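Take a look at the structure below.
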Amino acid sequence: MLFVTIETWQITLFSVAVALASTLVILPFGVALAWIFARKEWPFKTVVETVVLLPLVMPPVSTGLILLEIFGRRSPVGQWLYNWGIEIVFNWKGVLIAMAVMSFPLLVRAVKTSFSEVNPRLEQIAATLGASRRRIFFVITIPLAFKGIMAGSLLAFSRALGEFGATILLAGNIPGRTQTLSLAIFNYVQTGREHEAYMLLSITVMIAFASVWCSEWLLHPAKAS
Amino acid sequence: MLLRCRIPLPDFAVDIDASFDARVTSIFGPSGSGKTTILDAVAGLTNVQKGEIEINGKILFSSTRGINLSPQQRFIGYVPQEDALFPHLSVRQNVLFGSDRANEIMKRGMIEIDHVLDVLEIGNLLGRPVTKLSGGEAQRVALARAVLSRPQLLLLDEPLAALDIALKEKILPYLSRVRDEFSIPMIYVTHNLSEVLALADWILMIRQGRLLAQGVPKDVLRSADTIAQIAGEQLENVFTVTIMDSDRVAGRTRVRLESGQELFIPYVPRSTSWPLQVRISAGDILISTRRPEGISAGNIIAGVIRSIGIFNGQAMIAVDAGAEFYVRLTASAVDRLKLVVDDPVFLIMKTHSFQIL
Chain H
107 MLFVTIETWQ ITLFSVAVAL ASTLVILPFG VALAWIFARK EWPFKTVVET
157 VVLLPLVMPP VSTGLILLEI FGRRSPVGQW LYNWGIEIVF NWKGVLIAMA
207 VMSFPLLVRA VKTSFSEVNP RLEQIAATLG ASRRRIFFVI TIPLAFKGIM
257 AGSLLAFSRA LGEFGATILL AGNIPGRTQT LSLAIFNYVQ TGREHEAYML
307 LSITVMIAFA SVWCSEWLLH PAKAS
Chain A
65 MLLRCRIPLP DFAVDIDASF DARVTSIFGP SGSGKTTILD AVAGLTNVQK
115 GEIEINGKIL FSSTRGINLS PQQRFIGYVP QEDALFPHLS VRQNVLFGSD
165 RANEIMKRGM IEIDHVLDVL EIGNLLGRPV TKLSGGEAQR VALARAVLSR
215 PQLLLLDEPL AALDIALKEK ILPYLSRVRD EFSIPMIYVT HNLSEVLALA
265 DWILMIRQGR LLAQGVPKDV LRSADTIAQI AGEQLENVFT VTIMDSDRVA
315 GRTRVRLESG QELFIPYVPR STSWPLQVRI SAGDILISTR RPEGISAGNI
365 IAGVIRSIGI FNGQAMIAVD AGAEFYVRLT ASAVDRLKLV VDDPVFLIMK
415 THSFQIL
C-alpha cells in the first residue's frame with residue numbers, strides 16, 4: 107500500500123510550482139520568438155533557429171554546465187547579479203532557470219507550428235481594415251493560434267517537471283531547497299528508499315499523462331476523444 | 065486612378081500601366097495572370113519593385129518619391145476570393161471589425177450600418193458563428209465588413225469564383241446593389257466575362273502580367289484580339305432590366321432594358337424594388353437576315369451587326385439592337401448567311417433562354 111508522506115507532498119508542490127513559474131516566465135518570450143520565426147525571414151535564420159533548439163538535443167548536463175558557467179559567482183553575469191543581491195546557483199532560482207532553458211525550445215517549436223497554420227491572408231485583411239499591428243497580433247493571430255500556444259505550454263510544463271541534468275548542475279540536489287521530483291526519485295533510489303521512489307514515480311506518471319493528454323486533445327480534439 | 069507598377073513573380077513579372085476613372089473597373093484575365101497580385105499591390109500587401117499607385121489624387125505608392133503607405137493608411141476595402149472572414153469571431157464582430165476606424169473619418173460620408181445590413185440582407189446572420197455560414201452568405205458578410213470600413217476604394221478578388229453557379233446567381237445582384245448604393249469605386253477581378261458585362265464600366269484585360277487592352281467593356285470585347293482570348297469561354301449577355309408587367313397565365317414577364325428595348329422573360333412572380341438582372345448565353349441567340357414568321361420564340365428584335373470576330377471556327381458577333389447583344393455562331397453560319405458588319409439582322413431569343421440572376 108502506497109501512502110503519501112508530507113515530504114513527498116512538499117517535493118511535488120515545489121516541483122509543480124517552479125515548473126509552472128518557469129513556463130509562465132518563458133511564455134511571452136517563447137510566443138514572441140515563435141511569431142518571429144513563423145513570419146519573418148532574414149539571412150541565416152536557420153542558424154538562429156538551430157541555436158534556440160540546441161537544448162532539446164544537447165545532453166542536459168552539458169546545458170547545465172554552460173548555465174553554471176554563465177550564472178556561477180565567478181562569471182561576470184553571476185558577479186553582477188550577486189552585487190544586486192541575487193544568487194542563482196544552488197537555490198530555487200537555479201531550478202527555475204534550468205527548467206526554463208530546457209523547456210524553451212519545446213515551447214517555441216510548438217507555438218511556431220501553430221502560428222504557421224494561421225492564414226497570413228487574415229492578418230493582411232485585418233490590416234486593410236485599419237487594424238494596427240498590435241491589434242492584429244492580439245485579436246487575430248493569438249486567438250487563432252491559441253490552442254497551439256496552450257498545447258506548447260503544457261509540453262513545456264511537462265518537460266520542466268521532468269528536468270534533471272541541467273538542474274542538478276546548476277541548483278544541486280538539496281532536500282527542502284532545490285530537490286524536484288526527478289532529483290528526489292534519483293536520491294530515493296540511491297539511498298534504497300524504494301517506497302518513496304515509487305510514490306513519486308506514480309505522481310510523475312499521473313501529472314505527465316494529464317498534461318500530454320490535454321496537449322494532444324488541444325491539438326487534435328477528434329483523435330484524443 | 066493611376067496604376068503603374070512592376071512586380072516580379074517567380075514565372076513572370078506583372079508590369080502594367082493604366083489610368084482610369086470608373087465606378088467599377090474590372091481586371092479580366094485567365095487564372096494565374098497576376099490579377100490578385102495587382103490587387104495586393106493596390107492594397108499595400110505585396111512589394112512593388114517600381115511604379116506609381118494613385119487614387120483620387122492621393123499617392124499610395126511611388127518608387128521615385130519613396131512613398132509606400134501601409135495597408136492601414138490606404139483606406140482600401142479588400143474582399144478576397146475565399147477564407148475572408150475571421151473564423152474565431154462572430155458574424156457581428158466580423159462586420160464591425162473595420163468600422164471603428166471609420167468612426168474617425170466620418171467626413172468621408174456616413175454609411176449607416178443598418179443600411180449596409182439591409183442592402184446585403186445579412187441582418188439575420190449577425191448572431192451566427194462564421195463557420196455556420198454558406199459560401200454566399202460569407203461573401204456578403206465580407207463585403208459588408210469592407211464597405212463599413214468606409215474605404216475610398218473596394219477591391220473584389222473573384223468574389224464569385226469560390227461559389228457554385230446557383231450561389232453566384234444570388235450574389236451578383238448584391239454586388240450591383242453595393243455599386244449603386246454606396247458610391248465607392250471598385251476594382252473587380254474576374255475571369256468571367258458575364259460578370260464584367262454585368263458590373264463593370266471599365267475593363268483592364270491582363271495576360272501574363274501584361275495589359276492587353278483597356279476601355280469600355282463593350283468596346284474592348286469587340287476587338288478580334290479579345291475574341292481570340294475569350295474563344296473558349298461561355299459568354300453571356302447580362303442586362304439590367306425593370307419589370308413592365310407580369311402575366312402569370314401567359315407565363316411571361318415584360319421587361320425594359322436600360323436602353324429602352326423591351327423583352328419577354330419567364331414569368332417573375334414578385335414585383336421587386338431592385339432592378340432585376342437577366343442573362344442569356346451568346347450561344348442561345350439565333351440570327352436571321354429576314355424577319356421570321358410563324359416561330360414560337362417570344363423575342364424577335366431588329367438590329368445591326370457592329371462587329372464580327374472569327375477564331376478557331378467560332379464567330380462572335382456583336383449586334384446593336386437597342387442594347388448590345390453578343391451572339392455566338394459557327395464560322396460556317398456566318399459564311400452561309402453572308403453576314404458582314406453594318407448588315408441589318410433579326411435576333412431570335414426564346415423567352416425561356418433568359419435566366420434571372
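For the record, the sequence lines run as chains H and A. Heads up: the first sequence begins at 107 in this note's numbering, then just goes up one per residue. Heads up: the second sequence begins at 65 in this note's numbering, then just goes up one per residue. Note that the Cβ used here is the ideal one computed from N, Cα and C, for glycine as well. The model shown is predicted, which means the values in this text are computed figures rather than measured ones.
- Runs of the alpha helix (DSSP H) lying entirely within the stretch 236-323 of chain A and spanning at least 4 residues, in chain order: 257-263, 281-284 and 288-293.
- For A:P72, the enclosing beta strand (DSSP E) starts and ends at L66 to P72.
- Taking 8 Å as the threshold, the shortest C-beta distance from H:A257 to chain A does not fall below it.
- Chain order gives the chain H residues near A:I140 as T234, where near means a beta carbon separation below 7 Å.
- With contacts defined by Cβ atoms closer than 8 Å, A:T304 and A:E326 do not form a contacting pair.
- In the structure shown, A:L340 adopts extended strand secondary structure according to DSSP, grouped into three states.
- DSSP, reduced to helix, strand and coil, places A:G115 within a strand of the structure shown.
- Taking 8 Å as the CB threshold, H:S238 lines the interface with chain A.
- Taking C-alpha positions only, A:R312 is separated from A:T415 by approximately 14 Å.
- Sorting H:E269, H:Q296 and H:R299 by C-alpha distance to the C-alpha of H:T310 places H:E269 at the top.
- Within a 10 Å sphere around the beta-carbon of A:P356 sit fewer than 16 other beta-carbons, which makes this residue exposed.
- Using a 10 angstroms sphere on the CB of H:F263, the tally of other CB atoms reaches 16 or more, which defines it as buried.
- Contact between the stretch 274-287 of chain H and the stretch 216-232 of chain H is absent, with fewer than three C-beta pairs closer than 8 Å.
- With its beta carbon at least 8 Å from every one in chain H, A:P223 lies outside the interface.
- Among the residues of the stretch 147-159 of chain A, those with a Cβ less than 7 Å away from any Cβ of chain H are D147, A148, F150 and H152, in the order of the chain.
- For H:I248, there are no C-beta contacts with chain A under 9 Å, since the nearest C-beta of that chain is about 10 Å from it.
- In this structure H:L287 touches H:T118 by the C-beta definition: roughly 6 Å separates them, less than 8 Å.
- Secondary structure note for H:Y188: its alpha helix (DSSP H) is the uninterrupted segment P182 to N189.
- DSSP places A:A385 in the strand class (E or B) of the three-state scheme.
- Rounded to the nearest whole angstrom, the C-alpha separation of H:V207 and H:I231 is 36 Å.
- Scanning A:L73, A:V383 and A:N132 for the CA closest to the CA of A:I351 turns up A:V383.
- Separation of the CB atoms of H:L202 and H:A127 is rounded to 6 Å, and the pair is thereby assigned contact status at 8 Å.
- With fewer than 16 other beta carbons inside 10 angstroms of its own, H:V183 counts as exposed.
- Per DSSP, A:G367 lies in no alpha helix (DSSP H) segment; the continuous beta strand (DSSP E) that holds it begins and ends at N363 to F375.
- Scanning H:F120, H:V110 and H:M305 for the CA closest to the CA of H:I280 turns up H:F120.
- Our two residues, A:V155 and A:G162, have alpha carbons roughly 13 Å apart in a direct line.
- With contacts defined as CB atoms closer than 8 Å, A:D85 and A:M65 qualify as a contacting pair.
- A straight-line Cα-Cα distance of about 14 Å links A:L403 and A:Q378.
- In the DSSP assignment, A:Y331 falls outside any beta strand (DSSP E) and carries neither an H nor an E.
- In this structure, DSSP gives A:L224 a state outside helix and strand, which the three-state scheme calls coil.
- For a Cβ distance threshold of 7 Å, residue set T234 of chain H lies close to A:A107, ordered along the chain.
- A buried status is given to A:S417, since no fewer than 16 other beta-carbon atoms sit within 10 Å of its beta-carbon.
- Against chain H, the CB of A:S213 has a partner CB under 8 Å away; the residue lies at that interface.
- Three or more Cβ pairs closer than 8 Å define a contact, and the stretch 235-244 of chain H falls short of that threshold against the stretch 149-162 of chain H.
- Counting C-beta pairs closer than 8 Å gives three or more between the stretch 87-106 of chain A and the stretch 264-274 of chain A, which meets the contact rule.
- Against H:L325, chain A offers no close residue; the least beta-carbon distance is about 16 Å (beta-carbon pairs closer than 8 Å).
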